[in-house]
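A.B. asks:
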Amino acid sequence: MKLRQKTIVVAYHEEFHVVINRLNLPKEYNLSCFLGGLKQDIQMMVRMFQPTTVRKAFTLAKLYESANTQPNTVPLSSKTLRPTLAQKPLNTNQSKKTPTTNSLLLKPKTQTTRTLTPSYMSERRAKGLCYFCDQPFTTKHSLTHKKLQIHVMEIGSPTASEEEEQETEEGGIESVEPQISVNALTGVPCFRTKRVTGYYKKKPIHILIDSGITHNFLDVEVAMKLGCKIEDLKSLHVTVADGSRLSIPSLVKQFKWTIQNTAFYSDMMLIPLGCCDLVLGIE
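This is the structure we're talking about:
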């Protein structure tokens with residue numbers, strides 16, 4: 001879906017609903033598409049609150065937009081800069097100088113640059129503090145930060161300590177953020193995908209092999225119907241090729257399936273697929 005916000009949030013929300021009502025997509029994917037189409041500054045602030053529905057994301061986006069479109073500059077009083085026609089002679093004993101017109105002019109503020117590392121953001125989230133100051137993070141507080149600030153997010157190779165910490169929190173899942181293609185979510189075939197039939201305990205499952213994704217995924221409802229042992233995950237997301245992100249709440253460890261009498265084992269991340277039962281990547 002290539003729908004993008006061009007004007008205000010309300011107009012974008014109306015266009016989004018016109019398009020989405022024609023499609024039958026999962027609610028999680030609708031939310032990802034809506035967030036991905038927002039303007040970058042609005043999208044970043046809305047994602048910080050981790051909304052679970054399109055309605056909540058729309059409300060947050062509208063609040064942020066209204067707070068940042070209100071005039072925030074106060075014009076200088078005309079009396080302040082208006083020179084008097086008759087000035088009194090200066091007293092030679094007066095030590096303080098009268099402020100000049102130039103001293104009353106506002107100096108332009110310089111832009112500040114702040115680097116946000118993954119470890120710094122994790123620490124701030126754990127303490128419930130804002131990324132950009134030491135105040136508690138709330139909806140009203142986040143809207144006080146202006147667009148004039150420049151924030152640089154550092155995305156580099158994690159250190160050994162960061163990798164160990166992330167593996168402990170995620171139950172052994174790799175620190176590389178999983179990726180999935182739009183074709184795997186919608187079922188639209190392309191040159192990278194291939195459909196095969198596999199089996200789980202003699203039960204047939206529809207498998208999509210996609211060389212454009214990094215991990216293996218299993219449909220949530222299929223995992224529950226098959227009676228798999230589901231384990232919870234913390235703070236793990238999958239990046240869709242269109243730029244949106246989906247939350248991964250759980251996984252199945254060492255899921256076993258067979259293709260042509262050959263057995264395979266792998267950890268399966270659980271997300272709503274819809275188009276198939278299992279998606280295999282290059283993992």
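Just so we're aligned, residue 1 is where the sequence shown starts under the UniProt record's numbering, counting upward by one.
Every residue, glycine too, gets a C-beta built ideally from N, C-alpha and C.
If you're wondering where the values come from, they're calculated on a predicted model, not measured in any experiment.
Nearest CA to the CA of LYS256: which residue from ILE205, TYR120, SER266?
C.D. replies: SER266
A.B. asks: Determine which residues share a DSSP beta bridge with ILE20 and list them.
C.D. replies: Note: ILE20 sits in no beta bridge, so no partner.
A.B. asks: For residue 290, name the three-state secondary structure that DSSP assigns.
C.D. replies: Missing from the structure shown is residue 290; the chain here goes from 1 to 283 and no further.
A.B. asks: Is there contact here, the stretch 2–14 with the stretch 30–41, by at least three beta-carbon pairs under 8 Å?
C.D. replies: yes
A.B. asks: In or out: LEU23 buried (at least 16 other Cβ within 10 Å) or exposed?
C.D. replies: exposed
A.B. asks: Can you pull the DSSP bridge partners for ILE207?
C.D. replies: VAL196, LEU278
A.B. asks: Do LEU233 and residue 304 count as a contact pair if the criterion is CB distance below 7 Å?
C.D. replies: For residue 304 there is no data in the structure shown, the boundaries of the chain being 1 and 283.
A.B. asks: Please classify HIS215: does DSSP put it in a helix, a strand, or coil?
C.D. replies: It is coil, neither helix nor strand.
A.B. asks: Tell me the residue span of the alpha helix (DSSP H) that contains ILE42.
C.D. replies: 40–48
A.B. asks: Flag this pair as yes or no: are the beta carbons of LEU278 and LEU251 separated by less than 7 Å?
C.D. replies: no
A.B. asks: Relative to the C-alpha of MET44, which candidate in GLU14, LEU60, HIS237, THR52 has its C-alpha closest?
C.D. replies: Distance from the Cα of MET44 is smallest, within the candidate group GLU14, LEU60, HIS237, THR52, for LEU60.
A.B. asks: Which term fits VAL46, buried or exposed, when burial requires 16 or more other beta carbons within 10 angstroms of its beta carbon?
C.D. replies: buried
A.B. asks: Measuring only the C-alpha atoms, how far is PHE16 from CYS33?
C.D. replies: 9 Å
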